[in-house]
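Enquirer: Going by my numbering, the letters in the sequence shown line up with residues -13 to 55, in that order.
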Amino acid sequence: MKAHKVCPFCSSSVKEINYKDTDLLRRYVSSFGKIVARKRSGVCMWHQRKLSQAIKRARLMALLPFVVR
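1) Using 8 Å for Cβ pairs, my map puts Ile3 next to Ala40. What's the rounded Cβ distance?
2) If you draw a straight line from the C-alpha of Val54 to the C-alpha of Arg45, how long is it?
3) Would you please state the rounded distance, in angstroms, between the beta carbons of Leu37 and Tyr5? I believe it to be under 8 Å.
4) Can Val29 and Phe52 be called in contact, C-beta distance under 9 Å?
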């Protein structure tokens, strides 16, 4: 049986994920530009929602690309 992953945001007690922090957001975007799933990233449900919301905001503000070529 695999060990349970601990959410990196919960372990460092992060409440808000800023859409302007592109270095952090790029870790959770695949090489194709898609948002990485919870099972793969190890993020909890609450932070996954905040993370996807921040990635989508960053895309709309042209800080992250929609599609990677």
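Idealized CB from N, CA, C, for every residue including glycine. The model shown is predicted, which means the values in this text are computed figures rather than measured ones.
Expert: Put simply:
1) Indeed they touch by this definition, with Cβ atoms about 5 Å apart.
2) Cα-Cα distance, rounded: 12 Å.
3) Contact between Leu37 and Tyr5 is ruled out by a C-beta separation of about 10 Å, above the 8 Å threshold.
4) Between Val29 and Phe52, the C-beta gap is not smaller than 9 Å, which leaves the two residues out of contact.
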